[in-house]
Amino acid sequence: MPQPKRVEVDVLGRTLSLSNLDKVLYPAAGFTKGQVIDYYTRVAPYVLPHLEGRALTLKRYPNGVEAQFFYEKNAPSHRPAWVRTATV
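Structural data, given as structure tokens:
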């Protein structure tokens with residue numbers, strides 16, 4: 616099985632590695648992971664000020680919104696060193 620293509624992007628001086636950008640996350644609409652990232656990038660300036668200083672829990676759908684999900688309430692060990700965490 617071939618390895619997924621990875622793309623590195625610079626965001627405010629931080630390098631992020633993105634993969635599987637063509638993976639369909641919303642089958643009914645056909646939206647891909649790349650399109651979802653593009654959407655969040657566009658709305659971030661309006662949404663992030665309201666999220667600053669708040670705890671974050673992720674409801675993750677690794678195989679799209681029609682498949683199994685799980686809650687990720689702890690920061691993954693492979694997170695970048697610049698991601699701040701706090702015990703709540």
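Counting from 1 along the sequence shown, just add 615 to a position and that's the residue number in the numbering used here. Even glycine gets a Cβ: it sits at the ideal position worked out from N, Cα and C.
Val622 sits in a strand when the DSSP states are folded into three classes.
Counting along the chain, no alpha helix (DSSP H) covers Tyr676, and no H or E run does either. Around the beta-carbon of Leu640, 16 or more other beta-carbon atoms lie within 10 Å, marking it buried. Of all alpha-carbon atoms in Gly649, Val703 and Thr656, the one lying nearest the alpha-carbon of Val626 is that of Thr656. Looking at the DSSP output, Tyr686 sits in a beta bridge with Lys674.
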